[in-house]
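Peer 1: In the numbering used here, the protein residues as written are 81 to 544. All residues carry an ideal CB built from backbone N, CA and C; glycine is no exception. In this text the structure is predicted, and so the values were computed from the model without any measurement.
And the structure:
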């Protein structure tokens with residue numbers, strides 16, 4: 081049994097981690113935002129819980145248990161999983177902004193309740209030639225000789241012939257006013273009075289021998305009398321005559337009228353013209369701009385354009401979040417109770433459009449406020465980025481400016497003015513400052529610049 085989880089809506093993860101996780105064996109899998117879990121899914125928006133869900137093998141299958149605050153969704157962003165859920169091959173898990181495809185190999189089918197009693201041991205058939213019980217001893221061939229079998233007490237053969245040849249007296253039937261109809265298959269009706277039941281101690285139902293009535297003497301030279309039938313045999317049903325062709329006059333086919341083009345609904349053209357006028361007015365264009373466009377052409381163009389704008393806007397917002405993460409900025413967008421932007425939090429573009437253009441959903445912005453907020457955030461991010469870059473570069477140059485080193489060193493006094501050179505002491509000060517920039521990184525200038533940039537960016541974000 082093998083489980084493969086693959087992120088399908090990202091070409092790479094923000095932290096550079098693997099896009100695929102493979103699980104085998106009997107160990108459970110913990111998925112969430114915490115880095116110590118089996119599969120860590122980073123989420124700067126904190127929509128994913130620290131420990132979001134658990135997948136455990138049981139009964140030949142994998143079962144998903146949701147332990148998160150915001151929910152784990154299966155096969156649709158609105159279908160929150162009901163734990164425990166048995167994973168099937170091809171299921172899609174929506175965990176925050178990640179869409180994870182589950183591929184299950186060697187999944188056992190669902191077990192049906194057994195029809196046999198649970199107290200009976202079930203033999204093992206793993207090896208056809210092996211058995212858990214010893215083989216029975218061989219059968220003695222002499223015991224199969226029919227002459228050695230005990231036939232038991234038998235009567236003379238003439239008694240059997242007498243019993244067979246003796247006619248059985250018919251049992252009188254009670255007259256009935258309504259005779260039973262003949263069976264479909266031609267079986268004769270059974271007599272109303274049943275034969276006497278066998279004694280309880282005779283399990284085979286054999287008739288008891290008569291106590292005092294002697295068997296009649298059979299004359300073997302005369303033909304046996306024919307037994308009187310209790311019921312007259314039924315005559316064989318006459319065969320049904322094959323039905324002949326029924327002469328009927330041909331029915332003239334009704335003429336099919338030619339299809340007529342569907343008439344336009346009343347008011348459709350007027351409504352479409354009103355839509356074009358309103359659309360052109362909202363774009364601040366002349367009203368006759370879309371006069372030659374058909375509804376199908378215009379609808380397809382508007383749909384493609386709307387999706388393109390939504391997709392590119394989401395890419396800009398994602399690049400903004402990635403830049404904050406790379407610079408280790410403390411400013412992050414988190415999900416809140418109200419005013420959440422679907423362009424930032426929806427896992428796919430289609431889901432974001434469904435939220436902003438569909439019926440209002442609590443906690444999310446509609447189309448107009450969502451796009452307006454996204455453009456404001458992107459524009460502010462660009463301005464803060466350039467301002468922070470200038471400030472970070474100025475701070476870096478000031479830290480390495482010789483004048484600042486001299487000011488930090490101060491004037492030599494006492495024995496320091498007599499021993500050694502001032503330039504040597506300034507060089508030692510420069511080495512100390514260079515080492516203090518980033519003791520853990522080899523690229524000290526870049527590390528110092530990014531640290532200054534993050535501080536400047538956060539200060540600019542706090543002043544907005």
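1) Using the rule of at least 16 other Cβ atoms within 10 Å of the residue's Cβ for burial, across every protein chain shown, is residue 213 buried or exposed?
2) Out of 144, 528, 486, state which residue places its alpha-carbon closest to the alpha-carbon of residue 508.
3) Please state whether DSSP places residue 434 in a helix, a strand or coil.
4) When you compare only the Cα positions, how much space is there between residue 478 and residue 530?
5) Would you tell me roughly how many angstroms separate the C-alpha atoms of residue 440 and residue 434, rounded to the nearest one?
6) Give the DSSP bridge partners of residue 175, in chain order.
7) Compare the C-alpha of residue 83 against each of 141, 94, 422 and name the closest.
8) Less than 7 Å between the beta carbons of residue 405 and residue 94, yes or no?
9) From this set, 360, 473, 381, 414, which residue's C-alpha is nearest residue 126's C-alpha?
10) Within 10 angstroms of the Cβ of residue 557, are there 16 or more other Cβ atoms? Answer buried if so, exposed if not.
11) Between which two residues does the alpha helix (DSSP H) carrying residue 452 extend?
12) Of the choices 86, 128, 123, 133, whose alpha-carbon is the least far from that of residue 108?
13) How is residue 147 classed by DSSP in three states: helix, strand or coil?
14) For residue 170, which of 465, 147, 159, 185 has the nearest alpha-carbon?
15) State the DSSP-derived secondary structure class of residue 274, mapped to helix, strand or coil.
16) Pull up the distance between the alpha-carbon of residue 144 and that of residue 163, whole angstroms please.
17) Using 6 Å as the cut-off, classify the Cβ of residue 529 as near or not near the heavy atoms of the ligand SAM, replying yes or no.
18) Tell me the residue span of the alpha helix (DSSP H) that contains residue 422.
19) State buried or exposed for residue 422, treating a residue as buried only when at least 16 other CB atoms are found within 10 Å of its CB.
20) Hey, could you find the ends of the beta strand (DSSP E) residue 392 is sitting in?
21) Note the first and the last residue of the continuous alpha helix (DSSP H) segment covering residue 353.
22) Among 510, 442, 515, 383, which has the Cα closest to the Cα of residue 420?
23) Are residue 367 and residue 376 close, meaning C-beta to C-beta below 7 Å?
24) Out of 183, 372, 365, 536, which one is the CA nearest neighbour of residue 352?
25) What is the DSSP secondary structure of residue 529, counted as helix, strand or coil?
26) Rounding to the nearest angstrom, what Cα-Cα distance links residue 369 and residue 437 in this structure?
27) Ordered along the chain, which non-local residues of its own chain (more than five positions away) have a Cβ less than 6 Å from that of residue 119?
28) On the DSSP bridge assignment, give the partners of residue 416 in chain order.
29) Whole angstroms is fine: what's the gap from residue 392's alpha carbon to residue 418's?
30) Find the nearest neighbour of residue 424 within the set 408, 481, 458, 539, judged by alpha-carbon distance.
31) Quick check on this structure: which residue in 403, 399, 432, 410 has the alpha carbon closest to the alpha carbon of residue 387?
32) Using a 10 Å radius around the Cβ and a threshold of 16 neighbouring Cβ atoms, would you call residue 466 buried or exposed?
33) Take the Cβ of residue 532 as the centre, count every other Cβ of all protein chains shown within 10 Å, and call the residue buried at 16 or more, exposed below.
34) Do you know offhand how far residue 407's Cα is from residue 536's?
35) So what does DSSP say about residue 370, is it helix, strand or coil?
36) Tell me the DSSP secondary structure of residue 163 in three-state form.
Peer 2: Walking through what the data contain:
1) The count along the chain shown starts at 1 and reaches residue 213 at position 133. The predicted position of residue 213 is uncertain, since its pLDDT is 48 and thus under 50; no value can be drawn from it.
2) Translated into the one-based positions of the chain shown, residue 508 becomes position 428. Out of 144, 528, 486, 486 has the C-alpha closest to the C-alpha of residue 508.
3) To locate residue 434, count along the chain shown from 1; it is residue 354. Looking at residue 434 - three-state DSSP - the assignment turns out to be helix.
4) For the purposes of this step, residue 478 is identified with residue 398 of the chain shown, where counting begins at 1. For the purposes of this step, residue 530 is identified with residue 450 of the chain shown, where counting begins at 1. Roughly 15 Å between the two C-alpha positions.
5) Along the chain shown, one-based indexing puts residue 440 at 360. Along the chain shown, one-based indexing puts residue 434 at 354. Distance between the alpha carbons of residue 440 and residue 434 is about 10 Å.
6) The sequence position of residue 175 within the chain shown is 95, counting from 1. Its beta-bridge partners are 178.
7) On the chain shown, residue 83 is found 3 positions in, with the first residue counted as 1. For the residues 141, 94, 422, the minimum Cα distance to residue 83 belongs to 141.
8) Here residue 405 corresponds to residue number 325 of the chain shown, with the count starting at 1. Here residue 94 corresponds to residue number 14 of the chain shown, with the count starting at 1. Yes, Cβ-Cβ distance for residue 405 and residue 94 is below 7 Å.
9) For the purposes of this step, residue 126 is identified with residue 46 of the chain shown, where counting begins at 1. Checking every option, the nearest Cα to that of residue 126 belongs to 414.
10) Since the first residue of the chain shown is 81 and the last is 544, residue 557 is not available in this structure.
11) Stepping through the chain shown from its first residue, residue 452 is reached at position 372. That run of the alpha helix (DSSP H) goes 447-479.
12) Sequence index remark: in the chain shown, residue 108 carries index 28 (1-based). When each option's Cα is compared against that of residue 108, the closest is 133.
13) For the purposes of this step, residue 147 is taken as residue 67 along the chain shown, with counting starting at 1. In the structure shown, residue 147 sits in coil (DSSP, three-state: anything other than H, G, I, E or B).
14) Counted from its first residue, the chain shown places residue 170 at position 90. The shortest Cα separation from residue 170 among 465, 147, 159, 185 belongs to 185.
15) In the chain shown, the residue the question calls residue 274 occupies position 194. A caution first: residue 274 carries a pLDDT of 45, below 50, which makes its placement in the model too unreliable to give a value.
16) By 1-based counting over the chain shown, the position of residue 144 is 64. By 1-based counting over the chain shown, the position of residue 163 is 83. Each residue's Cα considered, the two are about 7 Å apart.
17) The ligand SAM is not part of this structure, which contains no ligands at all.
18) Taking the chain shown and counting its residues from 1, the one referred to as residue 422 is at position 342. Looking at the DSSP string, the run of the alpha helix (DSSP H) that includes residue 422 is 422-425.
19) If you number the chain shown from 1, residue 422 lands on position 342. Buried: at least 16 other Cβ atoms inside 10 Å.
20) Counting from 1 along the chain shown, the entry for residue 392 is found at position 312. From DSSP, residue 392 is part of no beta strand (DSSP E) but of the alpha helix (DSSP H) over 375-406.
21) In the chain shown, counting from the first residue as 1, residue 353 sits at position 273. 348-362 is the span of the alpha helix (DSSP H), which, as asked, contains residue 353.
22) Within the chain shown, numbered from 1, the residue matching residue 420 stands at position 340. Ranking 510, 442, 515, 383 by Cα distance to residue 420 puts 442 first.
23) Against the chain shown, residue 367 aligns to sequence position 287. Against the chain shown, residue 376 aligns to sequence position 296. No.
24) As a first step, residue 352 must be located in the chain shown, where it is residue number 272. Answer by Cα proximity: 372.
25) Locating residue 529 in the chain shown gives position 449, where the first residue counts as 1. Helix at residue 529.
26) Position 289 of the chain shown, counting from 1, holds the residue named residue 369. Position 357 of the chain shown, counting from 1, holds the residue named residue 437. Their Cα atoms are separated by approximately 25 Å.
27) Stepping through the chain shown from its first residue, residue 119 is reached at position 39. Only 101, 111 meet the Cβ criterion.
28) As a position in the chain shown, residue 416 is number 336, starting the count at 1. Bridge partners of residue 416: none, in fact.
29) Taking the chain shown and counting its residues from 1, one reaches residue 392 at position 312. Taking the chain shown and counting its residues from 1, one reaches residue 418 at position 338. Residue 392 and residue 418: Cα-Cα distance of roughly 24 Å.
30) Counting from one through the chain shown, the residue named residue 424 turns up at place 344. It is 458 whose Cα lies nearest to the Cα of residue 424.
31) As a working mapping, residue 387 is identified with position 307 in the chain shown. Taking only the C-alpha atoms, the option nearest residue 387 is 432.
32) In the chain shown, counting from the first residue as 1, residue 466 sits at position 386. Its Cβ having fewer than 16 others within 10 Å, residue 466 is exposed.
33) As a position in the chain shown, residue 532 is number 452, starting the count at 1. Burial call: buried.
34) Along the chain shown, read from residue 1 onward, the residue named residue 407 stands at position 327. Along the chain shown, read from residue 1 onward, the residue named residue 536 stands at position 456. Whole-angstrom Cα-Cα distance: 11 Å.
35) What you label residue 370 is simply residue 290 of the chain shown in a count that begins at 1. Note: residue 370 maps to helix in three-state DSSP.
36) Position 83 of the chain shown, counting from 1, holds the residue named residue 163. Of the three classes helix, strand and coil, the one that applies to residue 163 here is coil, per DSSP.
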